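Taking my numbering, the leading residue of the sequence shown gets 343, the next gets one more, and so forth.
All C-beta atoms in this analysis are idealised placements derived from N, C-alpha and C, irrespective of residue type, glycine included.
Everything numeric in this text was worked out from a predicted model, so none of it was measured.
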Amino acid sequence: MKKQEEKEVLALEALGNAPPSSQLAEPLDYIFAEHFRQRVLCNALDEIADQERPDRHMIEAVLRFLRVDFAPHMQDEEHDLFPLLRRRAEPEDRIDDVIGQLTQEHAADRLDAKLITEGLSKVLAGKAATGVTSSLGKLLHRFAENERNHLTLENAIILPLARVRLTADDIRNMAKQMATRRGITLQELGDAV
343 MKKQEEKEVL
353 ALEALGNAPP
363 SSQLAEPLDY
373 IFAEHFRQRV
383 LCNALDEIAD
393 QERPDRHMIE
403 AVLRFLRVDF
413 APHMQDEEHD
423 LFPLLRRRAE
433 PEDRIDDVIG
443 QLTQEHAADR
453 LDAKLITEGL
463 SKVLAGKAAT
473 GVTSSLGKLL
483 HRFAENERNH
493 LTLENAIILP
503 LARVRLTADD
513 IRNMAKQMAT
523 RRGITLQELG
533 DAV
């Protein structure tokens with residue numbers, strides 16, 4: 343198998359497979375794993391934007407990720423992680439501005455994800471005569487770049503601070519909320535929660 347084909351297979355696998363539900367018992371690790379998948383998404387979007395004839399399977403994987411996995415991840419952060427971190431942060435952490443910025447970026451991400459989903463659905467259905475249009479390609483690149491910057495902030499500031507500030511009860515409650523959001527029962531998580 344050629345290197346490019348291997349890369350595509352790995353991307354399809356990463357986009358198509360959420361972290362194991364057992365990892366929800368460690369919600370910060372689960373979020374970090376989701377961030378890896380989002381980086382794969384960014385690479386896939388850049389490739390789709392640059393290809394004359396984008397791979398149908400890659401577009402399908404991107405659409406599935408955006409339709410199924412993207413919103414719950416943002417809810418994990420906005421409904422669980424960010425409020426808990428605001429509650430537990432010390433004044434010297436000065437986290438409010440960073441969380442405010444990330445929340446605003448989430449709002450923009452939702453709009454862009456909707457436009458990307460609509461555009462790629464048209465490409466997949468053959469309704470876009472030229473494949474990926476110039477404007478869609480620019481949107482894909484912009485979204486990917488914005489997401490990478492967003493993930494850098496979350497991985498470098500939010501998650502490390504959460505590991506220091508959140509209590510064991512915070513982590514347990516967060517795990518329960520995230521599991522519920524995905525339709526996973528506490529019994530499925532076992533004794534870890």
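Whether residue i touches residue j by CB criterion (8 angstroms)
| i | j | result |
| --- | --- | --- |
| A391 | G468 | no |
| L366 | L426 | no |
| S363 | I526 | yes |
| F407 | L357 | yes |
| D418 | R484 | no |
| A449 | F412 | no |
| R428 | D438 | yes |
| L501 | D435 | no |
| E348 | G473 | no |
| P396 | V465 | yes |
| T459 | R505 | no |
Close beta carbons around residue i, own chain, < 6 angstroms, minus the five adjacent residues each side
| i | result |
| --- | --- |
| L462 | I401, L405 |
| M516 | P369, D422 |
| R490 | C384 |
Simplified DSSP state of residue i, which is helix, strand or coil
| i | result |
| --- | --- |
| Q525 | Residue identity check: residue 525 is Gly in the sequence provided, not Gln. Three-state result, G525: coil. |
| R395 | coil |
| P501 | Note that residue 501 is Leu in the sequence shown here, rather than Pro. Looking at L501 - three-state DSSP - the assignment turns out to be helix. |
| E368 | coil |
| T494 | helix |
| L508 | coil |
Bounding residues of the alpha helix (DSSP H) (the contiguous stretch that carries residue i)
| i | result |
| --- | --- |
| Q346 | 345 to 358 |
Own chain, CB closer than 7 angstroms to residue i, minus 5 neighbours either side, in chain order
| i | result |
| --- | --- |
| H415 | E376 |
| Y372 | P361, Q365, L366, M520 |
| S477 | none |
| Q380 | E489, L493 |
| L387 | V404, L482, F485, A486 |
| P495 | One detail in the question is off: residue 495 reads as Leu in this sequence, not Pro. For L495, where only same-chain residues beyond five positions count, the Cβ hits under 7 angstroms are V440, L444. |
| L457 | L481 |
8 angstroms Cβ shell around residue i - same chain, five flanking residues per side excluded
| i | result |
| --- | --- |
| L354 | H399, M400, A403 |
| What are the start and end residues of each continuous alpha helix (DSSP H) run of 4 or more residues lying completely inside the stretch 403 to 478, in chain order? | List check, alpha helix (DSSP H) in window: 412 to 417, 424 to 430, 438 to 467.
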